[in-house]
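Here is the structure we will look at, set down as structure tokens.
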Amino acid sequence: MHKQELSSSVPRAMSLIPGLPTSSRRLLEYFTVAADSFSCNNKIKEGFCATFIPIAVQEPRCMASVLSLAAVHRFHAGLSHDQAELAMLQLHAVKQQRMGLLESPSEALIASTLLLCYSGVIAGAESGLPWRVHLEGAAYLLRQDPSGWTTHAPQPMKAFISRCFISLAALANVSGTPPSPTVSTQALQMMELINTTPPIDEFTAYSPDFAYILFDLGDLLREKTDTSSQSRIINAAWLEERYITTERMTPDHSHEYRCVNESYYQAALLHVYQRIGGLRSSTKEIQDIVSRILGLLHEVELHRGPCLGVVLFFPAFSAGCGAVHAADRERVRSILMSMVDMISFVNIRQGMAILESLWSHRDRNGESEMNCSWNQFIAKDVDILLY
Numbered sequence: 001m002h003k004q005e006l007s008s009s010v011p012r013a014m015s016l017i018p019g020l021p022t023s024s025r026r027l028l029e030y031f032t033v034a035a036d037s038f039s040c041n042n043k044i045k046e047g048f049c050a051t052f053i054p055i056a057v058q059e060p061r062c063m064a065s066v067l068s069l070a071a072v073h074r075f076h077a078g079l080s081h082d083q084a085e086l087a088m089l090q091l092h093a094v095k096q097q098r099m100g101l102l103e104s105p106s107e108a109l110i111a112s113t114l115l116l117c118y119s120g121v122i123a124g125a126e127s128g129l130p131w132r133v134h135l136e137g138a139a140y141l142l143r144q145d146p147s148g149w150t151t152h153a154p155q156p157m158k159a160f161i162s163r164c165f166i167s168l169a170a171l172a173n174v175s176g177t178p179p180s181p182t183v184s185t186q187a188l189q190m191m192e193l194i195n196t197t198p199p200i201d202e203f204t205a206y207s208p209d210f211a212y213i214l215f216d217l218g219d220l221l222r223e224k225t226d227t228s229s230q231s232r233i234i235n236a237a238w239l240e241e242r243y244i245t246t247e248r249m250t251p252d253h254s255h256e257y258r259c260v261n262e263s264y265y266q267a268a269l270l271h272v273y274q275r276i277g278g279l280r281s282s283t284k285e286i287q288d289i290v291s292r293i294l295g296l297l298h299e300v301e302l303h304r305g306p307c308l309g310v311v312l313f314f315p316a317f318s319a320g321c322g323a324v325h326a327a328d329r330e331r332v333r334s335i336l337m338s339m340v341d342m343i344s345f346v347n348i349r350q351g352m353a354i355l356e357s358l359w360s361h362r363d364r365n366g367e368s369e370m371n372c373s374w375n376q377f378i379a380k381d382v383d384i385l386l387y
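Taking this note's numbering as reference, the numbering of the sequence shown is continuous, increasing by one, and the terminal residue is 387.
Below you can see the structure in the form of structure tokens.
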């Protein structure tokens, strides 16, 4: 779908469903605005619209999820204050989804499940749509459907939906609590092994081989409670070595893409040092990485519409976890506040609250093994995804 076709995709969809109520038509139109929040560039936005809107036109349960996502985003962007309508749309989407689970897995069911996952990311813990439940559900459905779900599937719809699932699963592995191993296993099965030096993926803004590092990190975090401190240090050293051998600045992408790509590698290294190795924030190793990440993110322009600013939560939050100096913390605040203004994710607001709690605790009590890892400061009703 080309740019000129994107603008006509919604009217064309509406012509196929003339009985769609006016309120639903507005939400379907708004879905193309919400797609900005998940898109690094216009090509990716076109992919979201070209994938999910045609399925929604054909399948009521996917339409319910599309409208629910649009309503959630619109509400948290401050463009709607009708909580009753929002709750009704969310409930309807979940009911449609549950009914679909009684049937065989299909493109529509998998697509609607991922849309509910995205809705949970937008709304954070305040939603009735927890992202984790839907990510696990999507993994289950994909596992039950052997019809060729890979990032290089010949059907563009399947290839795009596969990229959506893998990107969510990869970053879920470095969030507060990694998802079940079955999520990672499913995602890894859907990834295409590439023997040559991979370029940066325009969808995620990092190179495809970096996803393997995120899945490795998830494995180590799941095993952390069962391993000794010495084992954690060995594991951290092994993952650091893997980081060094795979990190690359791909020359055939824009400067901004290269900066984001490296910031993701640096952020992963912070997680290795702090969450696996237990290294304190005040160490030179951590402070050098924090400075490097913030320098890289300074090169990325944040603005409304599709842009690389939509994928900065993971590196910015990670830098915040290692930030000791007031100036660095303020730079992290500035990036995350700009992201909230730009894409309206409650998920990011909750991440900011976690960082404020972490910083306050360290300032009051000094550094300790307890506050090396930020996941100790997540409120019981919060489950953020660093997406």
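Note that beta-carbon positions come from the ideal geometry of N, C-alpha and C, so glycine has one too. Note that the structure is a prediction, hence the values are computed from the model and not measured.
Neighbour-count burial assignment, residue i, 16 or more Cβ in a 10 Å radius
i           : result
residue 230 : With a pLDDT of 48 at residue 230, under the threshold of 50, the modelled position of that residue is not reliable, and no figure is offered here.
residue 201 : buried
residue 163 : buried
residue 176 : buried
residue 365 : exposed
residue 192 : exposed
residue 381 : exposed
residue 81  : exposed
residue 95  : exposed
residue 88  : exposed
residue 327 : exposed
residue 341 : exposed
residue 304 : exposed
residue 462 : Outside the shown range of the chain (1 to 387) lies residue 462, about which nothing can therefore be said.
Backbone CA spacing between residue i and residue j [nearest angstrom]
i           : j           : result
residue 378 : residue 178 : 14 Å
residue 17  : residue 23  : 14 Å
residue 65  : residue 363 : 43 Å
residue 7   : residue 165 : Here residue 7 scores only 47 on pLDDT, less than 50, and its place in the model should not be relied on; the value that follows carries that caveat. So the alpha carbons of these two residues sit roughly 26 Å apart.
residue 312 : residue 79  : 24 Å
residue 186 : residue 146 : 11 Å
residue 388 : residue 348 : The chain is shown from 1 up to 387; residue 388 falls before or after that span and cannot be answered.
residue 19  : residue 113 : 25 Å
residue 111 : residue 52  : 7 Å
residue 318 : residue 338 : 16 Å
residue 104 : residue 356 : 45 Å
residue 85  : residue 63  : 16 Å
residue 148 : residue 284 : 47 Å
residue 141 : residue 367 : 43 Å
residue 90  : residue 119 : 9 Å
residue 49  : residue 137 : 22 Å
residue 188 : residue 181 : 11 Å
residue 289 : residue 121 : 27 Å
residue 34  : residue 329 : 29 Å
residue 294 : residue 221 : 25 Å
residue 57  : residue 360 : 49 Å
residue 375 : residue 358 : 9 Å
residue 54  : residue 61  : 12 Å
residue 42  : residue 29  : 16 Å
residue 25  : residue 219 : 43 Å
residue 383 : residue 353 : 12 Å
Sub-7 Å separation of residue i and residue j beta-carbons
i           : j           : result
residue 70  : residue 38  : no
residue 203 : residue 173 : no
residue 316 : residue 343 : no
residue 320 : residue 332 : yes
residue 171 : residue 314 : yes
residue 205 : residue 40  : yes
residue 124 : residue 350 : yes
residue 139 : residue 183 : yes
residue 274 : residue 117 : no
residue 296 : residue 263 : yes
residue 134 : residue 346 : no
residue 45  : residue 208 : no
residue 59  : residue 93  : no
residue 217 : residue 255 : no
residue 131 : residue 386 : no
residue 291 : residue 324 : no
residue 67  : residue 115 : no
residue 267 : residue 213 : no
residue 160 : residue 322 : no
Cutoff 7 Å: residue i Cβ touching any chain B Cβ
i           : result
residue 176 : Of the protein chains in the structure, only one exists, and it is not chain B.
Problem set entry | Three or more C-beta pairs below 8 Å linking the segment 264 to 280 and the segment 300 to 308 | The segment 264 to 280 is not in contact with the segment 300 to 308.
Problem set entry | Unbroken stretches of the beta strand (DSSP E), 3 residues or longer, contained in the segment 260 to 339 | Restricted to the segment 260 to 339, not a single beta strand (DSSP E) segment is unbroken, complete and at least 3 residues in length.
Exercise. Are the segment 86 to 105 and the segment 149 to 157 in contact at 8 Å, needing three or more beta carbon pairs?
Worked result: Contact between the segment 86 to 105 and the segment 149 to 157 is absent, with fewer than three C-beta pairs closer than 8 Å.
For this session: Return the chain-ordered ranges of every alpha helix (DSSP H) run that is complete within the segment 138 to 183 and spans a minimum of 4 residues.
Result: Counting whole runs of 4 or more residues, the segment 138 to 183 contains the alpha helix (DSSP H) stretches 156 to 172.
For this session: Mind listing, in chain order, the continuous alpha helix (DSSP H) runs of no fewer than 4 residues lying wholly within the segment 96 to 131?
Result: The qualifying runs are 107 to 123.
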